[in-house]
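Residue numbers (this note's numbering), protein chains in the order written: chain A, 2 to 313; chain B, 7 to 456.
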């Protein structure tokens with residue numbers, strides 16, 4: 002494992018390895034001193050072309066808990082605003098010899114482009130509407146915590162704006178990879194034609210949702226929905242697709258990548274109910290990202306570690 | 007008007023070459039004598055054995071084919087203003103390397119070609135730089151803004167061969183209708199980039215399984231076909247002549263057939279990349295495979311091939327669209343649309359259409375020349391007395407695209423790294439050597455050494 006760019010790059014074994022590693026780091030998160038020296042002296046750089054507080058702070062916390070040095074680079078207020086190209090920015094950052102670069106950008110494929118211009122391990126923290134692999138890993142980690150390690154044959158419904166969701170695209174991939182049955186559900190205007198080719202079922206009817214083991218609700222970026230002709234109104238969306246108590250069975254696990262629009266894609270009472278494991282997802286985010294950083298920079302399958310062993 | 011620079015000619019005798027030219031009724035081993043820029047004689051092999059070879063460059067044509075020079079009605083020569091991508095010199099040289107002896111340049115340059123002043127300067131540049139024939143189009147609307155017609159009559163008088171806002175559709179139906187009416191004054195065909203922006207809405211690739219998996223906004227097939235249907239109806243109503251550029255979608259072919267059936271004067275072109283490649287190539291987010299209209303699905307590709315075979319498609323056009331390395335070194339959604347195509351056009355079509363889909367070689371050659379007819383020119387022909395516009399091709403030679411670099415100034419070929427069969431080894435434009443493959447250097451014997 003050299004990079005983590007797409008779930009497609011991972012085997013089922015890789016996923017097991019990462020999640021097992023994350024489980025072992027969970028223990029660190031519960032200590033009083035939440036830090037291990039595993040990546041001491043290593044440099045992790047974050048390169049964000051999009052505003053993000055959650056994902057970024059989660060990565061920063063993960064790096065710090067592994068004792069890595071972390072430097073953050075935001076497109077806003079930097080040379081990027083002076084017209085510097087992506088390539089030149091990356092070459093500049095690469096000159097600092099980082100061990101890993103965490104990349105987020107509004108354009109699909111940015112992380113793999115970045116990987117061509119540096120030797121650092123690249124971690125995709127969201128590229129356009131394409132993928133967000135660490136989110137998928139942390140979601141799977143959370144599902145395992147709730148339902149047990151073997152998810153084969155379980156059923157997950159992903160409800161909402163699939164069209165604009167990189168979270169959905171990574172999650173569908175990782176769930177299909179691990180033998181979970183996936184159904185995506187939402188209004189036809191928010192479900193891309195042919196999304197079923199990723200291996201999921203597609204429905205516009207939410208009534209079957211109550212049989213799922215997990216209901217995964219996507220954030221509705223409602224600012225642009227009505228203007229773009231995608232939804233007639235948020236009210237009509239909520240009436241048809243809101244994840245609320247009336248539509249859920251008591252034992253279903255309810256998830257959301259955050260931030261939630263209460264009363265739109267999910268009712269406030271569900272957010273606050275014990276069924277919702279949203280804060281557990283956030284917690285899982287740190288340990289999963291610790292696992293990713295560790296495996297890419299020091300793990301048994303890491304290219305970096307292999308090179309060091311070769312030099313030893 | 008096609009511009010030719012005043013270039014020195016070479017007198018050439020090609021012996022024992024397999025000449026194929028449907029328009030000339032030619033398909034067999036021939037000897038070809040080129041003198042003073044014209045085909046002096048073309049006869050069955052052996053017929054020129056007694057010719058005095060003094061002063062002639064003699065080429066052993068054994069194993070080679072000779073075709074009339076190809077004509078591409080859709081090329082982006084990037085002049086004026088974008089010389090870092092391509093110039094008339096590099097563009098015509100690139101075309102010559104693909105066996106072309108005539109091309110038509112699109113006007114979406116910087117500035118756009120929408121005024122007699124810009125047009126005049128362009129002709130002047132071409133007279134100095136072009137190594138093959140080149141004609142220029144002018145915009146349908148000023149600034150390609152879709153709001154006001156250009157001085158089409160004056161531009162036609164200066165030599166504009168056709169009118170197009172290529173790269174953009176003429177979105178406003180009224181303006182398009184007026185262009186159709188005004189065409190009665192100028193005659194020249196309207197070449198149309200058909201894309202309903204309200205439907206394609208910023209899509210960077212085809213809408214389908216690949217775009218769904220990549221989370222990239224896609225252009226649906228109907229973004230192309232619905233505008234063809236509209237423009238076909240308007241053109242029929244006004245009895246105008248239109249040409250549909252770079253058709254990519256199944257539904258568009260139906261729209262062309264329906265318009266034609268109703269009596270619309272409509273022609274259509276297909277590009278080698280749409281005939282050979284699909285949106286599966288975009289899965290790796292290789293920006294060289296980003297063009298507009300986008301690479302479509304296998305279903306569309308097969309429909310397009312069928313349309314070539316059944317005559318719905320009138321000619322093959324490359325939409326050669328060079329971009330610099332830096333411009334293409336961007337995330338897929340940010341990179342500009344376009345692939346180069348002149349150097350690979352014949353080889354791609356031969357490898358795919360002739361070798362895999364049973365298109366007759368002679369018919370392919372015909373389709374590669376038919377672009378000339380759009381602008382009311384006779385295609386090049388292998389007939390004694392006509393200008394020596396021809397190419398020699400080694401049909402057996404397999405080559406990896408880009409392995410030896412490109413003649414074009416840009417390297418953004420969607421075919422880069424793929425193996426194709428069929429290589430142009432010599433191109434004569436009005437009797438001047440516009441392209442010569444190094445492979446000819448050895449057997450390229452001059453008189454007296456033979």
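Glycine included, C-beta positions come from ideal geometry on N, C-alpha and C.
For residue j and residue i, believed in contact at Cβ under 8 angstroms, the rounded distance
i: residue 354(B); j: residue 426(B); result: 6 angstroms
i: residue 291(A); j: residue 67(A); result: 6 angstroms
i: residue 22(A); j: residue 296(A); result: 6 angstroms
i: residue 320(B); j: residue 274(B); result: 6 angstroms
i: residue 339(B); j: residue 210(B); result: 5 angstroms
i: residue 112(A); j: residue 125(A); result: 4 angstroms
i: residue 7(A); j: residue 132(A); result: 5 angstroms
i: residue 156(B); j: residue 144(B); result: 6 angstroms
i: residue 118(B); j: residue 97(B); result: With a Cβ gap of about 17 angstroms, residue 118(B) and residue 97(B) do not count as contacting.
i: residue 193(B); j: residue 212(B); result: Rounded, the Cβ-Cβ distance is 36 angstroms, inconsistent with contact.
Three-state secondary structure (DSSP) of residue i
i: residue 284(A); result: helix
i: residue 21(B); result: strand
i: residue 452(B); result: Any answer about residue 452(B) is weak, because its pLDDT of 40 lies below 50 and its placement is not dependable; what the coordinates show is given next. Three-state DSSP puts residue 452(B) in a strand.
i: residue 3(A); result: coil
i: residue 155(A); result: coil
i: residue 343(B); result: coil
i: residue 349(B); result: coil
i: residue 401(B); result: strand
i: residue 458(B); result: It is not possible to answer for residue 458(B), since the shown part of chain B is limited to 7 through 456.
i: residue 197(A); result: helix
i: residue 381(B); result: coil
i: residue 296(A); result: helix
i: residue 229(B); result: helix
i: residue 211(B); result: strand
i: residue 315(B); result: helix
i: residue 325(B); result: coil
i: residue 270(A); result: helix
i: residue 460(B); result: Shown here, chain B extends from 7 to 456; a query on residue 460(B) therefore has no answer.
Alpha helix (DSSP H) segment containing residue i, residue limits
i: residue 217(B); result: 215-220
i: residue 474(B); result: In the structure displayed, chain B extends from 7 to 456; residue 474(B) sits before or after that span and is not available.
i: residue 371(B); result: 367-375
i: residue 117(A); result: No alpha helix (DSSP H) contains residue 117(A), which DSSP labels as neither H nor E.
i: residue 171(A); result: 167-178
i: residue 74(A); result: Premise fails: residue 74(A) lies in the beta strand (DSSP E), 70-75, not in any alpha helix (DSSP H).
i: residue 139(B); result: Here residue 139(B) belongs to no alpha helix (DSSP H); instead the beta strand (DSSP E) covers 139-142.
i: residue 218(A); result: Looking at the DSSP string, residue 218(A) is not in any alpha helix (DSSP H); the run it does join, the beta strand (DSSP E), is 215-218.
i: residue 128(B); result: 122-135
i: residue 90(A); result: 87-95
Beta-bridge pairing of residue i - partner residues as DSSP gives them
i: residue 277(A); result: 255(A)
i: residue 250(B); result: 198(B), 274(B)
i: residue 363(B); result: DSSP, once it has assigned bridges, lists no residue as partnering residue 363(B).
i: residue 1(A); result: Residue 1(A) cannot be examined here, being either before or after the span of chain A that is shown, 2 to 313.
i: residue 182(A); result: 156(A)
i: residue 125(A); result: 104(A)
i: residue 391(B); result: Note: residue 391(B) sits in no beta bridge, so no partner.
i: residue 419(B); result: 346(B)
i: residue 227(A); result: Answer is none; residue 227(A) lacks a bridge partner.
N-terminal and C-terminal residue of the beta strand (DSSP E) that residue i is part of
i: residue 80(B); result: 76-81
i: residue 429(B); result: 425-435
i: residue 16(B); result: Where residue 16(B) is concerned, there is no enclosing beta strand (DSSP E), given that its DSSP letter is neither H nor E.
i: residue 68(B); result: Where residue 68(B) is concerned, there is no enclosing beta strand (DSSP E), given that its DSSP letter is neither H nor E.
i: residue 262(B); result: Here residue 262(B) belongs to no beta strand (DSSP E); instead the alpha helix (DSSP H) covers 256-267.
i: residue 47(B); result: 44-50
Test: residue i CB closer than 7 angstroms to a CB of chain C
i: residue 219(B); result: Protein chains A and B are contained in the structure displayed, whereas chain C is not.
(message) Tell me which residues of the segment 222-251 of chain B have at least one Cβ-Cβ distance to chain A shorter than 7 angstroms, keeping chain order.
(response) 222
(request) Return the residues of the segment 325-348 of chain B that lie within a Cβ-Cβ distance of less than 9 angstroms from chain A, sorted by chain order. (result) 332, 335, 336, 337, 338, 339, 340
(request) Quick one: which residues of the segment 23-48 of chain B get their C-beta closer than 9 angstroms to a C-beta of chain A? List them in chain order. (result) none
(message) Using a Cβ-Cβ cutoff of 8 angstroms, what residues of the segment 140-173 of chain B are near chain A? List them in chain order.
(response) none
(message) Along the segment 231-255 of chain A, where does the CB come closer than 9 angstroms to a CB of chain B? Name the residues.
(response) none
(message) Tell me which residues of the segment 121-140 of chain A have at least one Cβ-Cβ distance to chain B shorter than 9 angstroms, keeping chain order.
(response) 128, 129, 130, 131, 132
(request) Could you name the residues of the segment 275-301 of chain B whose beta carbon sits closer than 7 angstroms to any beta carbon of chain A, in the order they occur along the chain? (result) 291
(request) Give, in chain order, every residue of the segment 53-73 of chain B whose Cβ lies closer than 9 angstroms to some Cβ of chain A. (result) So the list is empty, because no residue satisfies the distance condition.
(message) Give me the subset of the segment 101-134 of chain B whose CB atoms are less than 9 angstroms from a CB atom of chain A, sorted by chain position.
(response) none
(request) Give, in chain order, every residue of the segment 182-215 of chain B whose Cβ lies closer than 8 angstroms to some Cβ of chain A. (result) 213, 214, 215
(message) To be precise: take each residue of the segment 186-200 of chain A, compare its Cβ to all Cβ atoms of chain B, and keep it if any distance is under 8 angstroms. Which residues remain?
(response) 193, 194, 195, 196, 198, 199
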